[in-house]
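Numbering (full-length UniProt numbering), first residue to last: 1 to 723.
See structure below.
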Amino acid sequence: MKLKSLMDVIVKHRVFGETRCWMYSVEWQKRGLPHAHILIWLVERIRPNEIDNVISAEIPNNNEDPLLHEVITKNMIHGPCGILNPISPCMVEGKCSKRYPKQLVAETITGNDGYPLYRRRSIDDNGKTTIVKVNRQDIEVDNRWVVPFSPLLCKAYKAHINVEFCHSVKSIKYICKYVNKGSDMAVFGVAAENSNDEVTQYQVGRYVSSNEGMWRIFSFPIHERHPTVVQLAVHLENGQRVYFTDANVLQRVDRPPSTTLTSFFEMCQNDDFARTLLYSEMPRYYTWNQSSKKFERRKRGQPVPGYPRVFSTDALGRLYAVHPSQDECFYLRLLLVNVRGPTSFQHLRTVNGVLCGTYREACQHLGLLENDTHWDHTLEDAVISSNAKQIRTLFSIILSTCFPSTPTDLWHKYKDHMAEDILHQMRLRTSNADLQMNEEIHNEALILIEDMCLMLTNKVLTQIGMTAPNRPMHDSFDQELRREAQYDSETLREMVDRTVLLLNQQQKYAYDTLMKVVNDGSGGFYFLDAPGGTGKTFLLSLILATIRSQNGIALALASSGIAATLLEGGRTAHSALKLPLNLQINETPTCNLSRNSAMAKVLQQTRLIIWDECTMAHKKSLEALDRSMQDLRNNKKRFGGAMILLAGDFRQILPVVPRSMPADELNACLKSSILWKYIKTLKLSINMRVELQEDQSGEVFSKQLLDIDSRENSWRIEELQIS
1 MKLKSLMDVI VKHRVFGETR CWMYSVEWQK RGLPHAHILI WLVERIRPNE IDNVISAEIP
61 NNNEDPLLHE VITKNMIHGP CGILNPISPC MVEGKCSKRY PKQLVAETIT GNDGYPLYRR
121 RSIDDNGKTT IVKVNRQDIE VDNRWVVPFS PLLCKAYKAH INVEFCHSVK SIKYICKYVN
181 KGSDMAVFGV AAENSNDEVT QYQVGRYVSS NEGMWRIFSF PIHERHPTVV QLAVHLENGQ
241 RVYFTDANVL QRVDRPPSTT LTSFFEMCQN DDFARTLLYS EMPRYYTWNQ SSKKFERRKR
301 GQPVPGYPRV FSTDALGRLY AVHPSQDECF YLRLLLVNVR GPTSFQHLRT VNGVLCGTYR
361 EACQHLGLLE NDTHWDHTLE DAVISSNAKQ IRTLFSIILS TCFPSTPTDL WHKYKDHMAE
421 DILHQMRLRT SNADLQMNEE IHNEALILIE DMCLMLTNKV LTQIGMTAPN RPMHDSFDQE
481 LRREAQYDSE TLREMVDRTV LLLNQQQKYA YDTLMKVVND GSGGFYFLDA PGGTGKTFLL
541 SLILATIRSQ NGIALALASS GIAATLLEGG RTAHSALKLP LNLQINETPT CNLSRNSAMA
601 KVLQQTRLII WDECTMAHKK SLEALDRSMQ DLRNNKKRFG GAMILLAGDF RQILPVVPRS
661 MPADELNACL KSSILWKYIK TLKLSINMRV ELQEDQSGEV FSKQLLDIDS RENSWRIEEL
721 QIS
């Protein structure tokens with residue numbers, strides 16, 4: 001009754017304004033009592049300066065409104081938790097999972113995560129406090145502990161009613177997902193020791209309290225929404241899902257079941273009004289009869305002018321989403337969204353009386369696809385100023401991330417320019433200066449483009465609308481090995497001989513130590529602690545060159561793209577290792593690499609992995625590499641017995657953890673990893689930039705920076721002079 005009354009107050013009496021749509025679901029917690037999650041869309045948006053009129057996150061004045069003060073202090077104070085109550089149920093790993101206490105702010109401001117930072121005034125700014133009991137002790141709490149609420153609703157219902165303002169798609173999507181997540185679940189299973197029964201392991205059991213049992217027995221609503229949303233099928237011709245048994249298989253094949261899409265075509269053939277509609281507009285004027293599998297005109301609603309016996313409602317039609325990788329079905333859906341009154345699948349493909357061969361071609365003729373003129377001009381400019389390899393790289397990026405509508409046309413127009421260097425190499429190899437462009441040379445360029453697309457998005461050309469190159473399937477997996485073994489060993493050997501002589505004492509010690517471990521092949525785990533200017537990149541480049549001059553594989557990784565470009569053959573750790581995008585939500589992450597993948601073969605054969613600027617990396621990325629290396633190399637030693645060299649400076653930037661406290665960033669740091677206790681540290685401290693310039697002031701400045709970083713001195717602003 002209270003829920004029904006609350007919905008009437010919001011929807012019918014419009015306490016927040018006129019509602020466009022709404023949804024709610026009822027959920028039960030372990031204690032057995034129900035609560036509701038409600039999401040409201042308003043016709044008129046609430047402006048930032050109006051939020052304080054609707055939502056409050058402050059303790060009310062007891063003298064001005066004692067009833068509201070009593071309700072809020074009894075029902076809307078979180079915890080308290082943290083150091084005030086470490087055993088509070090909201091505490092997870094020593095911190096509040098609800099992120100309390102909140103920040104004190106003088107005015108409501110827009111937040112970064114889709115929710116505003118509500119006004120929470122301090123005591124000095126006329127904010128109020130109250131006393132709550134925690135473990136039989138009186139504790140004074142301020143506005144930082146108040147759960148946002150609507151004064152009107154809390155006062156009317158004298159209950160806990162958390163009200164939040166959602167102003168971004170991100171927060172709305174999360175709330176929609178949360179509203180529909182259902183009640184808590186319990187995972188259980190009975191199995192023998194060392195059992196590997198995956199079915200039993202993933203059995204999910206729902207526990208039902210007496211209150212929920214009563215609610216369901218009496219068929220009270222679990223969730224409601226307005227307006228009604230009707231799911232509309234999207235499938236190719238004769239591509240609808242068919243359920244059959246041994247007894248009716250032939251009948252099902254001869255007469256496949258009708259769907260909302262095929263019924264839409266039938267209505268457009270026989271109903272003049274239906275021919276004026278888009279597919280998504282059908283539920284507004286027609287109901288779907290589940291038993292007869294047909295659309296029928298609505299008999300109630302708002303009359304439609306000019307069409308007798310046609311009524312409309314506010315029901316919505318939603319077409320099933322189709323991934324772009326399902327080419328024809330994706331373009332069929334695009335046509336259904338834009339073409340009114342189609343009578344058949346063939347009608348959808350007909351443009352100006354001409355039947356197109358594919359749905360994509362029909363979309364192209366109707367102008368529904370993005371024009372490729374922009375990409376054409378981009379490649380045209382690149383032809384003037386870039387070499388063939390750069391043009392291929394640009395074309396690969398366009399294919400992988402920009403999705404041109406007719407990529408084959410761009411390929412045929414610029415393929416000669418993309419293959420110029422291959423033609424030159426073929427002329428040198430065959431000693432034939434008269435050799436001209438041919439299909440073989442173009443095919444070589446196409447292979448290189450596909451290799452680049454595989455590295456960028458893990459997709460072959462056929463998945464992004466291009467023709468596949470003519471090569472055996474396994475060649476694509478050998479490309480990573482060829483990439484790491486393509487270096488000229490003679491040239492590198494000469495460079496190593498020259499460069500070793502330039503090392504200072506610290507660099508030479510680190511170089512000798514690391515190369516001894518690499519040559520022993522016993523594996524190791526090292527960290528090169530090197531502040532800026534100490535020659536870290538110089539030393540790492542020398543180590544890479546040494547191993548490659550011996551025809552060995554050395555993998556150069558970095559936490560940032562800029563750092564990766566400073567190392568020959570370098571790339572970001574995320575792109576090379578296919579690390580999960582959100583490492584925080586996974587307790588035991590691994591690299592997204594299969595045993596037969598290209599990078600897996602490199603990791604199996606590599607003699608050394610260098611990870612530069614590792615201090616920016618999340619500790620779980622290193623742990624993911626450890627698990628994957630053990631699996632790929634069939635070796636239970638740390639990192640599968642491979643040699644790992646981390647490099648960086650912890651005085652610089654640490655991992656960035658969104659919406660976190662400083663403690664979260666420290667917890668994400670590599671030094672908090674369970675692997676860090678096994679690391680051996682090498683240090684570089686001689687600033688080579690200062691040494692080479694022989695500048696006394698530069699040496700003083702460098703030392704001051706290190707002192708500040710290490711917090712060995714306390715600096716006052718008036719003591720620092722900049723000249």
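Backbone N, C-alpha and C fix where the C-beta goes; we use that ideal spot for every residue, glycine too.
Tyr24 to Ile55 span [Cα, whole Å]: 20 Å
Extent of the continuous beta strand (DSSP E) run through Tyr509: Where Tyr509 is concerned, there is no enclosing beta strand (DSSP E), although the alpha helix (DSSP H) it sits in stretches over 505-520.
Contacting residues, own chain, Cβ-Cβ under 6 Å from Gln346 (five flanking each side not counted): none
Under 8 Å between C-beta atoms of residue 725 and Ser312: Limits of the chain in this structure are 1 at one end and 723 at the other, which puts residue 725 out of reach.
Among Val147, Ser88, Arg121, Pro80, the one whose alpha carbon lies nearest that of Ile139: Pro80
Buried/exposed call for Trp611, threshold 16 Cβ in 10 Å: buried
Separation of Lys413 from Gln425, as counted between CA atoms: 22 Å
Which of helix, strand or coil DSSP assigns to His377: helix
Candidates Thr462, Asn338, Asn126: closest to Leu278 by CA position: Asn338
Rounded distance between the beta-carbons of Glu296 and Tyr286, thought under 8 Å: 6 Å
Cβ-Cβ separation, Leu42 to Phe16 (assumed contact under 8 Å), whole Å: 6 Å
Three-way DSSP call (helix, strand, coil) for His323 in this model: coil
contact_flag[the region 314-324, the region 228-235] where n(CB pairs < 8 Å) is 3 or more: yes
Three-state secondary structure assigned by DSSP to Gln630: Here Gln630 sits in helix by DSSP.
Burial state of His417 (16 or more Cβ within 10 Å): buried
Segment limits, beta strand (DSSP E) that includes Gly524: 524-529
Simplified DSSP assignment, three categories, for Ser541: helix
Cα-Cα separation, Leu646 to Phe527: 5 Å
Cβ-Cβ distance between Met495 and Ala545 below 8 Å: yes
Run of the alpha helix (DSSP H) containing His35, from where it starts to where it stops: Element bounds for His35: not the alpha helix (DSSP H) but the beta strand (DSSP E), 34-42.
Reference Val622, options Val253, Arg300, Ala573, closest by Cα: Reading off the sequence shown, one finds Leu at residue 622, where the question assumed Val. If we check each option's Cα against that of Leu622, Ala573 comes out closest.
Residue(s) in a DSSP beta bridge with Leu557: Arg571, Trp611
beta-carbon Cys90 near the ligand NAD non-hydrogen atom, thresh 7 Å: Absence of the ligand NAD is noted for the structure shown, with no ligands found whatsoever.
Candidates Leu593, Asn352, Lys601, Thr537: closest to Gly570 by CA position: Thr537
Rounded separation between Phe330 and Arg360 - CA only: 9 Å
Alpha-carbon to alpha-carbon, Gly648 and Cys614: C-alpha separation (whole angstroms): 6 Å.
C-beta contact flag for Ile384 and Ala419 at 8 Å: no
Inter-residue Cα distance where the pair is Leu117 and Ala106: Rounded to whole angstroms, Leu117 to Ala106 spans 10 Å at the Cα level.
Top-ranked residue by Cα proximity to Cys591, from Lys620, Met616, Glu568: Lys620
Status (buried if at least 16 other CB within 10 Å, exposed otherwise) for Pro655: It counts as buried.
Beta-carbon proximity of Leu334 to Cys363, cut-off 8 Å: yes
Continuous alpha helix (DSSP H) stretch holding Gly213: start and end: 210-217
Glu444 in three-state terms, based on DSSP: It is helical.
Simplified DSSP state of Ile77, which is helix, strand or coil: strand
Nearest residue (CA-CA) to Ile674, options His618, Arg298, Ile653, Ser685: His618
For residue 740, the nearest candidate out of Pro531, Val208, Leu625 (CA to CA): No information on residue 740 is available, as it lies outside the stretch 1 to 723 that the chain covers here.
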